[in-house]
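There are 2 protein chains.
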Amino acid sequence: MNLLSRHTDYAVRALLYMANRVGERVSSMDIHRDLKLPRPFMRKTLQVLQKEGYLVSVKGHKGGFMLAMPPQKIRLIGLMRIFQGDISLSDCLFRKKLCRCVAVCPLRREIKSMEAVLVDRLSGVSLADLMVR
Amino acid sequence: MNLLSRHTDYAVRALLYMANRVGERVSSMDIHRDLKLPRPFMRKTLQVLQKEGYLVSVKGHKGGFMLAMPPQKIRLIGLMRIFQGDISLSDCLFRKKLCRCVAVCPLRREIKSMEAVLVDRLSGVSLADLMVR
DNA sequence: TCTAATGATACCATTATTGTATCATTTGTA
DNA sequence: TACAAATGATACAATAATGGTATCATTAGA
Numbered sequence: 002m003n004l005l006s007r008h009t010d011y012a013v014r015a016l017l018y019m020a021n022r023v024g025e026r027v028s029s030m031d032i033h034r035d036l037k038l039p040r041p042f043m044r045k046t047l048q049v050l051q052k053e054g055y056l057v058s059v060k061g062h063k064g065g066f067m068l069a070m071p072p073q074k075i076r077l078i079g080l081m082r083i084f085q086g087d088i089s090l091s092d093c094l095f096r097k098k099l100c101r102c103v104a105v106c107p108l109r110r111e112i113k114s115m116e117a118v119l120v121d122r123l124s125g126v127s128l129a130d131l132m133v134r
Numbered sequence: 002m003n004l005l006s007r008h009t010d011y012a013v014r015a016l017l018y019m020a021n022r023v024g025e026r027v028s029s030m031d032i033h034r035d036l037k038l039p040r041p042f043m044r045k046t047l048q049v050l051q052k053e054g055y056l057v058s059v060k061g062h063k064g065g066f067m068l069a070m071p072p073q074k075i076r077l078i079g080l081m082r083i084f085q086g087d088i089s090l091s092d093c094l095f096r097k098k099l100c101r102c103v104a105v106c107p108l109r110r111e112i113k114s115m116e117a118v119l120v121d122r123l124s125g126v127s128l129a130d131l132m133v134r
């Protein structure tokens, strides 16, 4: 199981990369070269981050991206919500039909509570925390 | 995201069903009729549970299944491990290549620690706990 | 001996995720 | 001013995991 999707994973890496180059303009080519992430896919990641206000972009020659906010303000939970939707450990709508979980309610309650723990932990992690080494 | 796969989910339901019919022989047909689970698929679930020692089976006419142990001994984490492998929030081998996570180690550490919390919680839940109502 | 059950297993369908390709637009610079 | 290098937008394809079906062999009760 993967808590983070590729988009989220690549987002974290790319953002970390930029956090270490504050003031510079970073292109998808730079990231591709240095981090070896598949470029077309990761470009989509970056575009989403731009739309969501995490990145400022400059088009054209010598264009690229820069962080739009300090690393302290970028939280793991925020990135996950963008790329993976609300964190849930039991997706309960199954093609518009009601979940198969309602019948096993005590189990559902357990899982929901674990979910809350997880979200709490994830909320505590910022990009800045991941930069410390 | 789903913490539980269908197999695990169906296993819990079927086991709960049998826990409420101790002494009776329960067939896959009974479960299908009463719980509306897709029979061929759920039959596989039951067969695995039998192989793993959770169920005793009787073949032939009037055959079926019975719990092989008391509900207190059946733990959610055990079922998950059978049907989903070891609980991990960051599957790190990607087609035999080393994970893409190692490069973002602090993140990996965070996730591993959340994983431990989750496993701990899951270990605490038994079938008997889910029967209480 | 027929029927209803499990055991084993092969196969198919669906979905989500991951990844590629392409074209339009923008902008610095030779 | 034209070219090159970048992002924006978007359509399409590949892959893998999961979920599900079908079938045949075997067993056992009535």
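The listed protein sequences correspond, in order, to chains A and B.
Remember, the working numbering sits 1 above the position in the first sequence when you count from 1.
Remember, the working numbering sits 1 above the position in the second sequence when you count from 1.
Beta carbons are placed, not taken as given, at the ideal position from N, Cα and C, and that holds for glycine.
Once the 5 residues before and after residue i are set aside, which same chain residues still bring their CB inside 7 Å of it?
i	result
VAL59(A)	ARG26, GLY65
GLY54(A)	ALA69
ALA20(A)	LEU68, PRO72, LEU128, MET132
Expressed to the nearest angstrom, what Euclidean distance is found between the alpha-carbon atoms of residue i and residue j?
i	j	result
ARG44(B)	SER29(B)	6 Å
LEU68(A)	PHE84(B)	42 Å
VAL13(A)	LEU80(A)	8 Å
SER6(B)	MET2(A)	10 Å
ARG121(A)	LYS63(B)	A small fix is needed here, since residue 121(A) is Asp in this sequence, not Arg. Taking the straight line from one Cα to the other gives about 50 Å.
LEU119(A)	GLY61(B)	47 Å
GLY24(B)	LYS74(A)	59 Å
LEU36(B)	LEU47(B)	14 Å
LYS113(B)	GLY86(B)	16 Å
LEU16(A)	ARG82(B)	34 Å
PHE42(A)	VAL49(A)	11 Å
GLN51(B)	LEU38(B)	18 Å
TYR18(A)	ILE88(A)	25 Å
HIS8(B)	HIS8(A)	28 Å
LEU4(B)	ASP31(B)	27 Å
Are the beta-carbon atoms belonging to residue i and residue j less than 7 Å from one another?
i	j	result
LEU77(B)	LEU123(B)	yes
LEU131(A)	LEU108(B)	yes
HIS33(A)	ARG22(A)	no
Along the alpha helix (DSSP H) that carries residue i, what are the first and last residues, could you check?
i	result
GLY79(B)	77-85
VAL49(B)	40-52
VAL13(B)	7-20
LEU128(A)	128-132
LEU36(B)	29-36
Classify residue i: buried if its beta carbon has 16 or more other beta carbons within 10 angstroms, exposed otherwise.
i	result
ASP10(B)	buried
MET115(B)	buried
MET70(A)	exposed
ALA117(A)	exposed
GLU111(B)	buried
VAL126(B)	buried
Locate the beta strand (DSSP E) running through residue i, then write down its first and last residues.
i	result
GLY65(A)	65-68
VAL57(B)	56-59
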